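Have a look at the structure below, then the notes.
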Amino acid sequence: MDLHRGLDYIRGRVDRPATWQSFPVIAAASGKVCAGSGSEDRTCIQGVGKHVMIRHRKDGRTYYTYYGHLRKIAPEIPVGTDAYETKVKRGQIIGWAGKTGNPGTATHLHFEILTGPGQWLDPYDIYGYAAAYPAPANPRDRACGPDHFWRECPPAPYVPVEDEPPPEGDGPSRVGNASELAIRPAAAARLAMGRRRTPRRA
């Protein structure tokens, strides 16, 4: 069985894939990067379409964040290497969302967090607390607990952003409101690496 092991992020109406637009994809945390342009590449990781993997070190542990189906990889990131050598900083643009490797879908970012090959972490539930998920019938039925990383509890199914035209051409573009689209993967990566948000006192 082929399971979907990541989260898909879009820019557009959830119920209308034809409205999904490309947006700048930013690094969730600082680290060293490796990138490939297809499953045939002999790089640090195989992926579908254009993809980037960042290796992060935190308190003696190693984490990886994966960004797939990119329309374009940022020009300063080498493609096709088999080593993590190029450094990237948190918030740096590493590419633009697309649908490479899966043209039958609409434009989106496929995001994963891993601790090693085949060792996926759930960005929505890093610490294993099922309370991070709202009840399907009534989202207010569950509290998120003190360890959640959402801006609100329970979390909304998407992060609203202001309308903004997609990046022009293939050149660099300012992040602007598109940085909001990466707030959840960035928060998930920070949480996975031990940067827990201090709970607010009642």
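Just so we're on the same page, our numbering is the position in the sequence shown counted from 1, plus 1318. For each residue, glycine too, the CB sits at the ideal point set by N, CA and C. Values in this document were obtained by computation on a predicted structure and should not be read as measured data.
In its chain, beyond the 5 residues on either side, LYS1368, GLY1413, TRP1414, GLY1416, ASP1488 have a beta carbon closer than 8 Å to the beta carbon of LYS1390.
Membership of LYS1376 in the beta strand (DSSP E) is indicated by the continuous run 1368–1376.
Secondary structure of ALA1336 (DSSP, three-state): helix. Short of 6 Å from the beta carbon of GLY1324, and not among the five residues preceding or following it, lie these beta carbons of its own chain, in chain order: HIS1428, PHE1429, GLU1430.
THR1425 counts as buried, since at least 16 other C-beta atoms from the protein chains shown sit within 10 angstroms of its C-beta. VAL1351 is positioned such that its CB atom lies closer than 8 Å to that of ILE1395. Look at ALA1424 here: in three-state DSSP terms it is coil, with no helix or strand label. One alpha carbon belongs to THR1404, the other to THR1380, and they sit about 16 Å apart. In the three-state reduction of the DSSP assignment, LYS1417 falls in the coil class, being assigned neither a helical nor a strand state.
The distance from the Cβ of TYR1402 to that of LEU1432 is about 14 Å, inconsistent with a contact at the 8 Å cut-off. Straight-line measurement puts the Cα of THR1337 at about 25 Å from the Cα of GLY1365.
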